[in-house]
Amino acid sequence: MKFRSKILLVFTTCLWMLPNPSQATIGEMLYNEIVFLRGIELGAGGRGMALGGAYRGISDDLSALYWNPAGLASIRRIEVGLGISQALTQDEAQISTETVSNELSRTRLNEVGLAFPFPTYRGSLVFALGYHQVSNFDAFGTFTEETEGYSFTGDELESGRLGLWSLGMAIDVSPMISTGISLRYWTGYDDYSWNSYSQEDSQTWSSFDQSLDLDLSGFNAMIGVLARVSPWLRIGATLESPLKLSIDEDYAEIEEVSEGGVYEPNSFSASYEYKVSRSWRGGLGAAGMIGPIGLSADAVLNDWSQINFSGEPPYEELDRDQANREITRYLQPTIDLHFGVEFWVPASPVRLQAGYAWLPSPFEGDEVISDKNVITGGISTILDESLLVQASLSWADWERSIGGWGEDLQLTHLLLSLSYRF
Numbered sequence: 076m077k078f079r080s081k082i083l084l085v086f087t088t089c090l091w092m093l094p095n096p097s098q099a100t101i102g103e104m105l106y107n108e109i110v111f112l113r114g115i116e117l118g119a120g121g122r123g124m125a126l127g128g129a130y131r132g133i134s135d136d137l138s139a140l141y142w143n144p145a146g147l148a149s150i151r152r153i154e155v156g157l158g159i160s161q162a163l164t165q166d167e168a169q170i171s172t173e174t175v176s177n178e179l180s181r182t183r184l185n186e187v188g189l190a191f192p193f194p195t196y197r198g199s200l201v202f203a204l205g206y207h208q209v210s211n212f213d214a215f216g217t218f219t220e221e222t223e224g225y226s227f228t229g230d231e232l233e234s235g236r237l238g239l240w241s242l243g244m245a246i247d248v249s250p251m252i253s254t255g256i257s258l259r260y261w262t263g264y265d266d267y268s269w270n271s272y273s274q275e276d277s278q279t280w281s282s283f284d285q286s287l288d289l290d291l292s293g294f295n296a297m298i299g300v301l302a303r304v305s306p307w308l309r310i311g312a313t314l315e316s317p318l319k320l321s322i323d324e325d326y327a328e329i330e331e332v333s334e335g336g337v338y339e340p341n342s343f344s345a346s347y348e349y350k351v352s353r354s355w356r357g358g359l360g361a362a363g364m365i366g367p368i369g370l371s372a373d374a375v376l377n378d379w380s381q382i383n384f385s386g387e388p389p390y391e392e393l394d395r396d397q398a399n400r401e402i403t404r405y406l407q408p409t410i411d412l413h414f415g416v417e418f419w420v421p422a423s424p425v426r427l428q429a430g431y432a433w434l435p436s437p438f439e440g441d442e443v444i445s446d447k448n449v450i451t452g453g454i455s456t457i458l459d460e461s462l463l464v465q466a467s468l469s470w471a472d473w474e475r476s477i478g479g480w481g482e483d484l485q486l487t488h489l490l491l492s493l494s495y496r497f
């Protein structure tokens with residue numbers, strides 16, 4: 076019901092742009108209510124993000140809680156970490172021939188945590204607790220259209236994030252192999268608002284205000300294995316259990332219409348509680364050293380077609396079984412690819428990183444959102460043999476099409492993290 080209201084308003088001006096409105100509407104409805112499809116998941120930790128997310132074969136710091144908990148076994152000293160991020164989203168929105176560019180900036184706590192290695196007779200036993208923000212839901216678009224006898228302006232603002240608290244442990248089961256597990260509590264929010272005004276003349280106009288406030292929470296777990304195949308090669312593998320997010324949604328809309336001077340106001344508000352789940356997620360990564368140069372690569376399998384609603388979804392048009400069938404029809408499995416390179420500056424504590432990630436669209440034929448491309452870089456150094464300072468920069472771009480409108484989205488994400496080892 077919520078999304079239909081917005082689409083009906085959009086279609087009064089934009090229906091002619093859509094080659095197949097009914098199909099586009101279903102895809103947009105799924106995108107609107109399935110939080111896993113929105114925003115972008117960059118990952119956790121400064122070094123891991125600087126390497127483009129190619130970190131499952133390394134994972135030797137607190138961010139192993141997210142990438143591969145088996146990597147915690149590589150931590151030999153008590154470690155405390157803290158990270159702050161600055162995210163700048165640029166949104167170029169286009170309807171007809173008009174393009175408007177907006178920017179939205181958000182500063183957030185990105186990570187905080189503690190890793191504690193226990194003394195052992197041989198091998199390693201490490202426990203860790205931490206928080207990592209891994210996804211952003213930020214966008215700010217303005218849509219305008221001016222034709223003879225008609226004007227339209229709409230503002231779309233979305234702000235939110237999804238992070239996880241993790242409790243993990245890892246142990247060396249042999250000189251070559253470590254295993255680990257992390258138990259995760261996911262938490263976040265997504266606040267969305269839409270305001271529009273259209274006018275034909277002083278007696279004929281309409282305005283529409285819509286807001287959605289979502290509170291997100293859920294549990295899952297990850298197990299990981301890390302094999303030190305040789306002094307220069309490490310291989311990591313992870314399996315993440317299904318994540319079921321509980322969503323509390325508050326929705327409100329206000330519509331005002333004047334036709335020939337006859338004024339008609341309408342309003343609606345409601346609260347919804349529902350759950351949406353994503354399936355198992357598996358990852359495989361490798362990392363190697365060639366002199367002062369480190370290379371890493373990861374592949375991650377996401378089966379978006381297995382997303383499903385538990386209980387009735389917040390759709391007027393679809394019940395649970397119908398919504399789950401449409402998910403299977405419109406969404407597809409994907410394999411994310413991540414690549415990283417690191418240069419250890421000789422006779423120096425400085426390391427330079429660069430990376431790239433390709434995140435394919437979960438929609439068949441790139442409907443609604445396109446593939447995401449992420450380019451990353453970073454620099455780190457160790458001060459006084461105990462304090463690791465890491466700066467990482469990620470740049471991502473993708474396209475989104477809602478209701479016949481096109482948006483070019485670009486995210487610039489700066490992360491400054493500190494890790495102190497006692």
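For what it's worth, my numbering labels the leading residue of the sequence shown as 76, then goes sequentially.
Idealized CB from N, CA, C, for every residue including glycine.
Because the structure is a prediction, the values reported are computed rather than measured.
Start and end residues, beta strand (DSSP E) containing residue i
| i | result |
| --- | --- |
| E439 | Where E439 is concerned, there is no enclosing beta strand (DSSP E), given that its DSSP letter is neither H nor E. |
| E417 | 408 to 419 |
| G358 | 356 to 365 |
| A372 | 368 to 378 |
| F111 | No beta strand (DSSP E) holds F111; DSSP gives it neither H nor E. |
Bridge partner(s) assigned by DSSP for residue i
| i | result |
| --- | --- |
| I298 | I256, L314 |
| D288 | D266, D325 |
| Y347 | E324 |
| Q428 | E417, G453 |
| D472 | N448, Q485 |
| L458 | L462 |
| Q165 | E178, Q485 |
| L200 | F193, I246 |
Neighbourhood of residue i by C-beta, 6 angstroms cutoff - its chain only, sequence neighbours within 5 removed
| i | result |
| --- | --- |
| M244 | F202 |
| D288 | D266, D325 |
| L232 | F215, S268 |
| P424 | T456, I457 |
| L308 | G363 |
| F343 | E328 |
| P435 | T409, D446 |
| N270 | D230, D284 |
| D290 | Y264, D323 |
| S292 | T262, S321 |
| N383 | S352, N399 |
| S176 | E167 |
| L376 | G357, I410 |
Helix, strand or coil at residue i [DSSP, three-state]
| i | result |
| --- | --- |
| W307 | coil |
| M251 | coil |
| T219 | strand |
| E103 | helix |
| Q98 | Confidence in Q98 is poor, its pLDDT being 43 and thus under 50, which makes the residue's placement unreliable; the coordinate value appears in the next sentence. In this structure, Q98 counts as helix in the three-state DSSP scheme. |
| I477 | strand |
| F212 | coil |
| E392 | coil |
| S149 | helix |
| D275 | Correcting the residue identity first, residue 275 is Glu in this sequence and not Asp. Residue state, collapsed to three classes: strand. |
| E387 | coil |
| Y225 | strand |
| R131 | coil |
| G293 | strand |
| A398 | helix |
Residue i versus residue j - alpha carbon distance
| i | j | result |
| --- | --- | --- |
| S253 | I298 | 11 angstroms |
| G120 | G188 | 11 angstroms |
| R181 | I115 | 14 angstroms |
| M364 | I454 | 18 angstroms |
| Y349 | P388 | 6 angstroms |
| T456 | N143 | 23 angstroms |
| Q161 | R183 | 7 angstroms |
| D472 | A432 | 11 angstroms |
| T279 | T222 | 15 angstroms |
| G358 | L140 | 14 angstroms |
| D373 | A429 | 14 angstroms |
| N399 | E108 | 12 angstroms |
| V155 | R356 | 28 angstroms |
| V209 | Q274 | 41 angstroms |
| D237 | Y225 | As written in the sequence, residue 237 is Leu, which differs from the Asp given in the question. In a straight line, the C-alpha of L237 is about 40 angstroms away from that of Y225. |
| Q98 | I477 | Note that Q98 scores 43 on pLDDT, short of 50, meaning its location in the model is unreliable and no value can be drawn from it. |
| S305 | P194 | 25 angstroms |
| S138 | S277 | 58 angstroms |
Contacting residues, own chain, Cβ-Cβ under 7 angstroms from residue i (five flanking each side not counted)
| i | result |
| --- | --- |
| M124 | L117, G118, T451, S467, S469, L490 |
| T487 | L163, W470 |
| R303 | M251, R309 |
| V464 | S455, T456, L458, L493 |
Alpha helix (DSSP H) segment containing residue i, residue limits
| i | result |
| --- | --- |
| L489 | Where L489 is concerned, there is no enclosing alpha helix (DSSP H), although the beta strand (DSSP E) it sits in stretches over 480 to 496. |
| G121 | 121 to 125 |
| L140 | 139 to 142 |
Contact test: residue i Cβ vs the ligand HEM heavy atom, cutoff 6 angstroms
| i | result |
| --- | --- |
| S492 | As presented, the structure is devoid of all ligands, the ligand HEM included, so that no description of it is given. |
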